[in-house]
Amino acid sequence: ENIALPLRQPANSLSVSAFGADGKGQTDDTEAVRKCIAAAAKQGKIAWIPAGDYKLTGDITLPSDLTLQGAGMWHTTFVGDEELYDQPDRRLRFKLSSNNSHLADFALLGRVKYRNDSEQNDGIFGAHGTNCTVSRLWVEHTKVGMWFYVCNNIVIEGCRIRNTLADGINFCVDVRNSVVQNCATRNTGDDCFAMWPTVTDQGFKQETPLPGNNVFRHCTGQMPFLANGGAI
Numbered sequence: 043e044n045i046a047l048p049l050r051q052p053a054n055s056l057s058v059s060a061f062g063a064d065g066k067g068q069t070d071d072t073e074a075v076r077k078c079i080a081a082a083a084k085q086g087k088i089a090w091i092p093a094g095d096y097k098l099t100g101d102i103t104l105p106s107d108l109t110l111q112g113a114g115m116w117h118t119t120f121v122g123d124e125e126l127y128d129q130p131d132r133r134l135r136f137k138l139s140s141n142n143s144h145l146a147d148f149a150l151l152g153r154v155k156y157r158n159d160s161e162q163n164d165g166i167f168g169a170h171g172t173n174c175t176v177s178r179l180w181v182e183h184t185k186v187g188m189w190f191y192v193c194n195n196i197v198i199e200g201c202r203i204r205n206t207l208a209d210g211i212n213f214c215v216d217v218r219n220s221v222v223q224n225c226a227t228r229n230t231g232d233d234c235f236a237m238w239p240t241v242t243d244q245g246f247k248q249e250t251p252l253p254g255n256n257v258f259r260h261c262t263g264q265m266p267f268l269a270n271g272g273a274i
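If you want our numbering, it's the position in the sequence shown, counting the first as 1, plus 42.
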């Protein structure tokens, strides 16, 4: 594969480096990333993560109308803390729970070594998100790659998921009008791509309109060690 050069910092953006992140993967950059996102959202700018390794030890929640942009999946990497990874609330997780939030061009390297379905998922977690995109991410060694519930108009494209303990991408409770395209998974511990948008599971009340109008297209699932390539 011919790897592109790192992307340059876009105009109208704030760099996480200005908020104290060192990008070497040794110190905890969680608060620096949170501060950069908060400032960028307030100023209507992009939160920019330059090439480097950034250790996270807690949730990163995107506000509405915010783009978190890296230098490319081969260049900008968020890493988990192996010593803390047995604590579900100290893992790598990006949450899409607002409107018009966007993740693009970086990698997530988790440290999970077991599967416990009573614990919340790490990786990319969509909860009541609307009009959001996830583009060109690499996700590896998390419980799931991406999990969504009660979401509308989500577009996931050009992503790679490797070595998860459970699903690659799952559209779960009450997901509608959403698309996964041009994505690939390999070595998943559950379905590579799952579409399971029930309205009765996990205590959620039925909402209108009903879930549906979801599409998986031009995707590849390889070597799941449990379950299926695709499950609907």
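We treat Cβ as the ideally placed atom computed from N, Cα and C, and that holds for glycine.
Item, Value
"In this structure, how does DSSP classify glutamine 85 when only helix, strand and coil are distinguished?", "helix"
"Using only the alpha-carbon positions, how far apart do valine 221 and asparagine 212 sit?", "11 Å"
"Evaluate isoleucine 274 with the Cβ neighbour count: other Cβ atoms within 10 Å of its Cβ, from every protein chain shown; 16 or more gives buried, anything less gives exposed.", "exposed"
"Specify, as a first and last residue, the run of the beta strand (DSSP E) that glutamate 199 falls within.", "193–199"
"Please list the terminal residues of the continuous beta strand (DSSP E) segment that includes glycine 65.", "Glycine 65 -> no beta strand (DSSP E), and no H or E assigned at all."
"Identify which residue in Cys225, Tyr156, Gly254 has its Cα closest to the Cα of asparagine 194.", "Gly254"
"CA-CA distance, glycine 168 and asparagine 141?", "11 Å"
"Helix or strand or just coil, what does DSSP make of glutamate 182?", "strand"
"With DSSP as the reference, identify every bridge partner of threonine 172, one or two as the case may be.", "Asn141, Asn194"
"On the CB-based measure, 16 or more other CB atoms within 10 Å of its CB, does asparagine 256 come out buried or exposed?", "buried"
"When burial is assigned at 16 or more other CB atoms within 10 Å of the CB, is arginine 218 buried or exposed?", "buried"
"Can you tell me the Cβ-Cβ gap for alanine 236 and aspartate 216, rounded? I've got them flagged as a contact below 8 Å.", "No, alanine 236 and aspartate 216 are not in contact; Cβ-Cβ is about 14 Å, not under 8 Å."
"Quick one: what does DSSP say phenylalanine 267 is sitting in, helix, strand or coil?", "coil"
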